[in-house]
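K.L.:
Below is one structure. I have some questions about it.
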Ligand code: AMP
Ligand code: MG
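Residue numbers (the working numbering): 1084 to 1450.
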């Protein structure tokens, strides 16, 4: 962390504002947040912490701001942005109607890591929604995010604050790596809690459909609104099942590490033996090999860089570690990566969804 702080102080063009994230802001922090809010109202871009990953924020109702977000990230402009609000009263202005299910889900999960797709109102420019007549809306729970949204006029369009195709940033230093010099400010709120992007649920269809899995699981949603569908492309390659993902962003190969990533499925011992064998072969062929290991198996691997992603017993630790590990492998010039596979139920579904995308759906069975 020490090294990261030094790197951040070196940044010239983009201002860094460091804020403790407990919600009790000092006068200086409040002044900084007001300044950040002014930047966004004037059409600038500010990266900020949320409870999921860092977001790159601009005024959601200003098409020029949205265009700047796409440019800074190098993001295809048909990949719509999520609009962040800080209070329920802000919702009617940006949506055409509010279905009962949306009210119930907001009651249950907002503020929090759930994004809802609703029909958009005329107030939301097509530049923000990637040309769609629907809009993605979320109310984050992070106190810095909420304060910034209030200071910015109430509507912040924010995708993850990474260069398109890189893992979403869970630390401000990764935001700086990707966006330094391209945006006006980075608010450093430390390392983030969840580490994977929000769950996205489409409420313009019946029954509601999960387009991207996250911390809020299908089971949690159905307890509130009954039947919930899941887009099949969440765990299957769209090309294999003949369907395009419904969330435009999910069709891109996100979260791609530089090294070639393979997931390995099977019983515990078979996976460990298989990965050790493959790692040995790859190393003989001159590759630098990384392994994503669970805490349970960590000591059993033999490779150049073995990373402990967390315990199978606590999937939250795995989610929190995933993007950091992928970035570290890039920094360490790892050319081949083997990862254990995870359960596809509950929160594990979100972890496998991100890993499968990072691996380009390359899965091998350990026998
Ligand atoms: P990110 O901001 O990086 O977390 O990406 C936002 C995700 O939300 C992308 O996968 C988008 O395709 C998806 N998204 C945003 N707006 C919509 C929408 N109106 N309909 C479907 N998916 C959306
Ligand atoms: Mg993203």
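By construction, the Cβ of each residue, glycine as well, lies at the ideal position given by its N, Cα and C atoms. Predicted model only: the values in this text are computed from it and were never measured.
1. Alpha carbons only, please: which of 1419, 1181, 1295, 1224 is nearest the one belonging to residue 1333?
2. If you draw a straight line from the C-alpha of residue 1399 to the C-alpha of residue 1299, how long is it?
3. Just verifying my parser: in three-state terms, what is the DSSP assignment at residue 1295?
4. Taking all protein chains shown into account, decide if residue 1436 is buried (16 or more other Cβ within 10 angstroms of its Cβ) or exposed.
5. Would you say the beta carbon of residue 1168 comes nearer than 7 Å to a heavy atom of the ligand AMP?
6. Distance check for residue 1434 and residue 1331, CA to CA, integer angstroms please.
7. Less than 8 Å separating the beta-carbons of residue 1432 and residue 1349?
8. Decide yes or no for the touch test of the stretch 1273-1282 against the stretch 1174-1189: beta carbon pairs closer than 8 Å, at least 3 of them.
9. Roughly how many angstroms lie between the CA atoms of residue 1364 and residue 1245, to the nearest whole one?
10. Could you name the residues that DSSP lists as bridge partners for residue 1388?
11. Taking the straight line between their C-alpha atoms, what separation do you get for residue 1223 and residue 1450?
12. Taking only heavy atoms of the ligand AMP into account, decide whether any of them is closer than 7 Å to the Cβ of residue 1050.
13. Quick one: complete alpha helix (DSSP H) runs, 4+ long, within the stretch 1230-1318?
14. Which residues in the same chain as residue 1162 place their Cβ atom closer than 6 Å to its Cβ, once the five residues preceding and following it in sequence are excluded?
15. Are three or more beta carbon pairs between the stretch 1276-1286 and the stretch 1408-1416 nearer than 8 Å?
16. Quick check on residue 1089: buried or exposed, where buried means 16 or more other Cβ atoms within 10 Å of its Cβ?
17. Count the other CB atoms, across all protein chains shown, that sit within 10 Å of the CB of residue 1145; report buried if there are 16 or more and exposed otherwise.
18. Use the C-beta contact count for residue 1084: other C-beta atoms within 10 angstroms, 16 or more gives buried, fewer gives exposed.
19. Less than 7 Å between the CB of residue 1149 and some heavy atom of the ligand MG, yes or no?
20. Does DSSP put residue 1087 in a helix, in a strand, or in coil?
21. Mapping the DSSP letters down to three states, classify residue 1401 as helix, strand or coil.
22. Quick one: what does DSSP say residue 1361 is sitting in, helix, strand or coil?
23. Smallest Cα separation from residue 1386: which of 1378, 1358, 1379, 1408?
24. Which residue comes first and which comes last in the alpha helix (DSSP H) that contains residue 1113?
25. What's the gap between the Cα of residue 1193 and the Cα of residue 1211?
26. The alpha helix (DSSP H) that contains residue 1171, what's its start and end?
27. Residue 1152 to residue 1360, Cα distance in whole Å?
28. Less than 8 Å between the C-beta atoms of residue 1176 and residue 1204, yes or no?
29. Is the beta carbon of residue 1308 less than 8 Å from the beta carbon of residue 1188?
30. What does DSSP give as the partner residue(s) for residue 1131 in the beta ladder?
31. Go through its chain and collect everything with a Cβ distance to residue 1254's Cβ below 6 Å, but skip five positions before and after it.
32. Alpha carbon to alpha carbon, what distance is there between residue 1311 and residue 1290?
33. Between the alpha carbons of residue 1319 and residue 1383, how many angstroms are there, rounded?
P.N.:
With the structure as the only source:
1. Per the Cα distances, 1295.
2. Going from the Cα of residue 1399 to the Cα of residue 1299 covers about 12 Å.
3. Strand, per DSSP.
4. By the 16-neighbour rule on beta-carbons within 10 angstroms, residue 1436 is buried.
5. Every heavy atom of the ligand AMP is 7 Å or more from the Cβ of residue 1168, so no.
6. C-alpha separation (whole angstroms): 19 Å.
7. In this structure, residue 1349 does not lie closer than 8 Å to residue 1432 by Cβ.
8. No contact exists between the stretch 1273-1282 and the stretch 1174-1189.
9. Going from the Cα of residue 1364 to the Cα of residue 1245 covers about 33 Å.
10. DSSP lists 1373 as partners of residue 1388.
11. So the alpha carbons of these two residues sit roughly 43 Å apart.
12. Outside the displayed span of the chain (1084 to 1450) sits residue 1050, for which this structure offers no information.
13. Every alpha helix (DSSP H) stretch that sits fully inside the stretch 1230-1318 and reaches 4 residues is listed by chain position as 1255-1262, 1301-1308.
14. Correct list, in chain order: 1213, 1331, 1332.
15. Using a C-beta cut-off of 8 Å, the stretch 1276-1286 makes no contact with the stretch 1408-1416, since fewer than three inter-stretch Cβ pairs fall below that distance.
16. Here residue 1089 scores only 40 on pLDDT, less than 50, and its place in the model should not be relied on; the value that follows carries that caveat. Exposed, since its Cβ has fewer than 16 Cβ neighbours within 10 Å.
17. Residue 1145 is buried by the Cβ-count criterion.
18. A caution first: residue 1084 carries a pLDDT of 38, below 50, which makes its placement in the model too unreliable to give a value.
19. Relative to the ligand MG, even the nearest heavy atom lies 7 Å or more away from the CB of residue 1149.
20. Bear in mind that a pLDDT of 45 at residue 1087, under 50, signals an unreliable position, so the model cannot answer this.
21. Residue state, collapsed to three classes: helix.
22. Helix, per DSSP.
23. That would be 1358, whose Cα lies nearest to the Cα of residue 1386.
24. Here the alpha helix (DSSP H) through residue 1113 covers 1110-1124.
25. Spanning the two alpha carbons is a distance of roughly 22 Å.
26. Here residue 1171 belongs to no alpha helix (DSSP H), and DSSP marks it neither H nor E.
27. Between residue 1152 and residue 1360, the alpha-carbon positions lie close to 44 Å from each other.
28. Yes, these two residues count as a Cβ contact at 8 Å.
29. At a Cβ-Cβ threshold of 8 Å, residue 1308 and residue 1188 count as neighbours.
30. For residue 1131, the beta-bridge partners assigned by DSSP are 1138.
31. Taking C-beta separations shorter than 6 Å and ignoring five residues to either side along the sequence, the partners of residue 1254 in its chain run 1274, following chain order.
32. C-alpha separation (whole angstroms): 6 Å.
33. Rounded to whole angstroms, the separation of the alpha carbons of residue 1383 and residue 1319 is 30 Å.
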